[in-house]
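>
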Amino acid sequence: MSPGPRLALPWRIVVVATAAVLVWLFLRALLDRDYDRPTHAVGAVLTTAVVVPLVVVARRVLDRRPWAGLGLPSLRAGWRHLLLGMACWLVPAAAGFALCLGFGWVEISVRTSVGDVLRVAALLVVLVFLKEALPEELIFRGYLQHNLATRLPAWQAVLGQAALFTVFGFLIGAARSVDRLALFFVFALLLGAFRAVTGDIWAGVGLHVAFQTVAQLFGDVGAVFDVVGADVLAVVAMGAIPFSVSWMVLRHRYRDRLNWNARTPEPVRQSG
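Position in the sequence shown counted from 1, then plus 7, gives you the numbering used here.
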């Protein structure tokens, strides 16, 4: 079946990127209240419930191409990449935590019981997956990066989606300082690189879940730890060390597939 004519690439990028900003701003306004876990849970469910159909419609109506091109195979096919992404962040981050604590740069005390910490951590994994990791990876590394990669070399597609993700962070109010903008951009570059070499978004989802869960667990959202030296912990243990190690793992593991000048072929058969 012929896919038929479709909207020009720049317009597809603008439409979906703008829709992403509007969705996050709408949900933020809808749930604008003092933080509590039920509100967080509602926001997480609503985010995935809105974003997934949005991308489905964009892929079918704007792209007129199969869903398969977006790099979200079933979890049965993608679980290895999911675990890889999580491990790439968690293992070096644990070493970073040990380094910060060992040198006395950071002090961490537990406000509650170990059982409470584990329950909060498990809940945050689910909420981060639904509110940040899956929807953001699906839009930015799935839809936007894939579309860019069909016309541009892989490295330009990665840079392009990283720029879009950083602008997104600024517009929704999540990245208004220089350090936050830098974090969004570097994080998106790493996620985009994993997308480019693995061929799907599951590694990025795993890395995203690991990073956001730990960041929230040791921050105000988790509210189970008191941290002295939080800025050092964020820069060293949650940023510089795990991001650098993740990049080295990616370069080593996928060294035979690192063709940054390659373009991604676009399936032309319309599904359904």
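All residues carry an ideal CB built from backbone N, CA and C; glycine is no exception.
So, helix, strand or coil for Asp-41, using DSSP?
Looking at Asp-41 - three-state DSSP - the assignment turns out to be coil, as it is neither helix nor strand.
> Who are the near neighbours of Ala-27 in its chain, counting only those whose CB is closer than 7 Å to its CB and skipping five residues on each side?
Closer than 7 Å at Cβ, skipping near neighbours: Ile-146 and Phe-175.
> With a 10 Å radius around its C-beta and 16 neighbouring C-beta atoms as the bar for buried, classify Phe-225 as buried or exposed.
Buried: at least 16 other Cβ atoms inside 10 Å.
> Between Trp-267 and Gly-122, what straight-line distance do the alpha-carbon atoms span, to the nearest angstrom?
The straight-line gap from Cα to Cα measures roughly 46 Å.
> Is the beta carbon of Ala-182 closer than 8 Å to that of Phe-191?
It is a contact, given that the beta carbons lie within the stated cut-off.
> Please state the DSSP three-state secondary structure of Ile-179.
If DSSP states are grouped into helix, strand and coil, Ile-179 belongs with coil.
> On a CA-only basis, which of Trp-209, Pro-249, Val-127 and Leu-77 is nearest Pro-274? Give me that one, please.
It is Leu-77 whose Cα lies nearest to the Cα of Pro-274.
> Under the three-state reduction of DSSP, which class applies to Leu-113: helix, strand or coil?
It should be pointed out that residue 113 corresponds to Val in this sequence rather than to Leu. In the structure shown, Val-113 sits in coil (DSSP, three-state: anything other than H, G, I, E or B).
> Answer yes or no: do Arg-148 and Gln-168 have a C-beta to C-beta separation smaller than 8 Å?
Yes. Within cutoff.
> Have a look at the DSSP bridge pairing and note the partners of Asp-233.
Answer is Ser-116, bridged to Asp-233.
> So, with DSSP's three-state summary, where would you put Asn-266?
If DSSP states are grouped into helix, strand and coil, Asn-266 belongs with coil.
> Can you tell me whether His-6 is buried or exposed, with buried defined as 16 or more other CB within 10 angstroms of its CB?
Residue 6 lies beyond the range of the chain shown here (8 to 279); nothing can be said about it.
> Since I believe Ala-170 is in contact with Ala-164 (beta carbons under 8 Å), could you give me their beta-carbon distance rounded to a whole number of angstroms?
About 11 Å; that fails the 8 Å criterion.
> What number of angstroms, rounded off, separates the C-alpha of Leu-257 from the C-alpha of Ala-230?
When rounded, the distance between both Cα atoms is 33 Å.
> Just how far apart, CA to CA, sit Gln-277 and Arg-71?
In this predicted model, Gln-277 has a pLDDT of only 49, less than 50, meaning its place in the structure is not dependable; the value taken from the coordinates is given anyway. Taking the straight line from one Cα to the other gives about 6 Å.
> Who are the near neighbours of Arg-118 in its chain, counting only those whose CB is closer than 8 Å to its CB and skipping five residues on each side?
The residues are Ala-230, Val-231, Phe-232 and Asp-233.
> In chain order, what residues of the same chain have a beta carbon less than 6 Å from the beta carbon of Gly-279, not counting five sequence neighbours either side?
A caution first: Gly-279 carries a pLDDT of 40, below 50, which makes its placement in the model unreliable, though a value can still be read off. Around Gly-279: no qualifying Cβ.
> If you draw a straight line from the alpha carbon of Val-22 to that of Leu-265, how long is it in whole angstroms?
Cα to Cα, Val-22 sits roughly 30 Å from Leu-265.
> So what does DSSP say about Val-228, is it helix, strand or coil?
Note: Val-228 maps to coil in three-state DSSP.
> Which residues bound the alpha helix (DSSP H) around Gly-122?
121 to 135 is the span of the alpha helix (DSSP H), which, as asked, contains Gly-122.
> Classify Glu-143 as buried or exposed, calling it buried when 16 or more other Cβ atoms lie within 10 Å of its own Cβ.
Buried: at least 16 other Cβ atoms inside 10 Å.
> Can the beta-carbon of Trp-254 be found less than 8 Å from the beta-carbon of Leu-166?
Their beta carbons are not under 8 Å apart, which means Trp-254 does not touch Leu-166 by this criterion.
> Which residues in the same chain as Val-62 place their Cβ atom closer than 6 Å to its Cβ, once the five residues preceding and following it in sequence are excluded?
Answer for Val-62: Leu-145 and Tyr-150, listed in chain order.
> I'd like to check one pair, Ala-244 with Ala-65: are the Cβ atoms closer than 8 Å?
Result no, Cβ atoms of Ala-65 and Ala-244 do not sit closer than 8 Å.
> Just verifying my parser: in three-state terms, what is the DSSP assignment at Gly-78?
Note: Gly-78 maps to coil in three-state DSSP.
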